[in-house]
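S.K.: Residue numbers (mature numbering (1 follows the signal peptide of the UniProt record, and there is no 0)): -22 to -1, 1 to 323. Here a beta-carbon is modelled for each residue, glycine too, at the ideal position from N, C-alpha and C. One structure, pasted below without further comment.
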């Protein structure tokens, strides 16, 4: 029977702590981290939420947000602050992070156009508090709709600072700005269809764009992928409760379920529903042999080409060709037999 000695117990504990410290990196959001950020005044008015704002402003109007940062630890730290415009990530969620997502070309005004910070690198001693100002200035020409963004706070990584489990904290103060009570309805469009990989799995991406300055909530999307002349879809995808930020786009994913890309002509059929609004698109696209080989060569857990379902139209064409060849062969043999019989006569 295996006996655990005291030395082997301590060695196991050491190995566990070592791997947890060096290989487990978490990104944690919230006020219970190493620092906290909250709004303490808006133009000296104190009746507001600490971490989100819904501001109604007039053309050319200015507002100043007084934000307090607090170091919740005994160690010195540096907090970086950035103005961010809300985007829509490929999971169908509104994203306030610093991810490298391009601004959609439909946006006439973004939160980055409206807001500035008095300081972007804030050094805090242990348990120290400091205040910074975010000024929001509206353009002289009025607009309908919503501008969504925020102030993103992130702790600067430091080799000297020892963090438990190598944890990384950030916090966002969300800001929604509008000028009128006029409701702008979302308008969705299908921009393009492309093939790609996500986590080394073959997928078809349908880029969907919200062209209006309006937040989309409770979005339901159904997508079907067909080989061009087939009546039954090869792959289907359905997601609900999706959200989109104003004037943004994202890539809706159709997973190929570990199947390889097959060269040929395809079409996607997409339906998007938001409250009483319904959009429907059909888009044709082609996967060429070079693209298919490129992605298939790097995909993981991929079903072999022999196991992949052959398009029905290809099977029909092969069967027709087979009967044409049999018919041609039979006709040739019949002609040869007739000539031989005539020669004997």
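Could you check the C-alpha separation between residue 75 and residue 15 for me, to the nearest Å?
M.R.: Taking the straight line from one Cα to the other gives about 16 Å.
S.K.: With a CB to CB cut of under 7 Å and the five nearest residues on each side skipped, what residues in its chain are close to residue 283?
M.R.: Model confidence at residue 283 stands at a pLDDT of 47, short of 50, so the residue's coordinates are unreliable; what they give is reported in the following sentence. If we look at residue 283 and ignore the five residues flanking it on each side, its Cβ neighbours are 238.
S.K.: Excluding the 5 residues preceding and the 5 following residue 216 in the sequence, name in chain order all residues of the same chain whose CB lies nearer than 6 Å to its CB.
M.R.: These residues qualify, in order along the chain: 200.
S.K.: Over what stretch of residues does the alpha helix (DSSP H) that includes residue 21 continue unbroken?
M.R.: Counting along the chain, residue 21 falls outside any alpha helix (DSSP H), and DSSP gives it neither H nor E.
S.K.: What is the rounded straight-line gap between the Cα of residue 325 and the Cα of residue 192?
M.R.: As displayed, the chain neither begins before -22 nor continues past 323, which places residue 325 out of reach and without an answer.
S.K.: Please report how far the alpha carbon of residue 312 lies from the alpha carbon of residue 303, in whole angstroms.
M.R.: Distance between the alpha carbons of residue 312 and residue 303 is about 14 Å.
S.K.: Residue 190: buried (16+ other C-beta within 10 angstroms of its C-beta) or exposed?
M.R.: It is buried - the Cβ of residue 190 has at least 16 other Cβ atoms within 10 Å.
S.K.: Which same chain residues, not among the five before or five after residue 85, have their C-beta less than 7 Å away from its C-beta?
M.R.: Closer than 7 Å at Cβ, skipping near neighbours: 225.
S.K.: Assign residue 82 to one of three DSSP states: helix, strand, or coil.
M.R.: Here residue 82 sits in coil by DSSP.
S.K.: Return the residue from the list 315, 246 and 236 that minimises the CA-CA distance to residue 277.
M.R.: Among 315, 246 and 236, the Cα nearest to that of residue 277 is on 236.
S.K.: Candidates 81, 88, 264 and 120: which alpha carbon is nearest residue 206's?
M.R.: Taking only the C-alpha atoms, the option nearest residue 206 is 264.
S.K.: Leaving out the 5 sequence neighbours to the left and right, which residues in its chain are closer than 8 Å to residue 62 when beta-carbon positions are compared?
M.R.: Counting only Cβ-Cβ distances below 8 Å, and skipping sequence neighbours, we find 74, 75, 76, 89, 90, 127, 128, 129, 130 and 150.
S.K.: Between the Cα of residue 208 and those of 297, 316, 244 and 222, spot the shortest distance and give me the residue it belongs to.
M.R.: Residue 244 is the option with its Cα nearest to residue 208.
S.K.: How about residue 409 and residue 171: are their beta carbons less than 8 Å apart?
M.R.: Limits of the chain in this structure are -22 at one end and 323 at the other, which puts residue 409 out of reach.
S.K.: From what residue to what residue does the alpha helix (DSSP H) around residue 252 run?
M.R.: Taken as a continuous stretch (DSSP letters only), residue 252 belongs to no alpha helix (DSSP H), being part of the beta strand (DSSP E) at 242 to 252.
S.K.: According to DSSP, is residue 266 helix, strand or coil?
M.R.: In this structure, residue 266 counts as coil in the three-state DSSP scheme.
S.K.: Are the beta-carbon atoms of residue 13 and residue 44 separated by less than 8 Å?
M.R.: The answer is no: Cβ separation not under 8 Å.
S.K.: Rounding to the nearest angstrom, what Cα-Cα distance links residue 39 and residue 247 in this structure?
M.R.: Between residue 39 and residue 247, the C-alpha separation is close to 45 Å.
S.K.: For the candidate residues 72, 33, 60 and 317, whose alpha-carbon lies nearest to that of residue 95?
M.R.: Of the candidates 72, 33, 60 and 317, the one whose C-alpha sits nearest the C-alpha of residue 95 is 60.
S.K.: Measuring only the C-alpha atoms, how far is residue 280 from residue 176?
M.R.: Approximately 13 Å between the Cα atoms of the pair.
S.K.: Classify residue 301: buried if its beta carbon has 16 or more other beta carbons within 10 angstroms, exposed otherwise.
M.R.: Under this definition residue 301 is an exposed residue.
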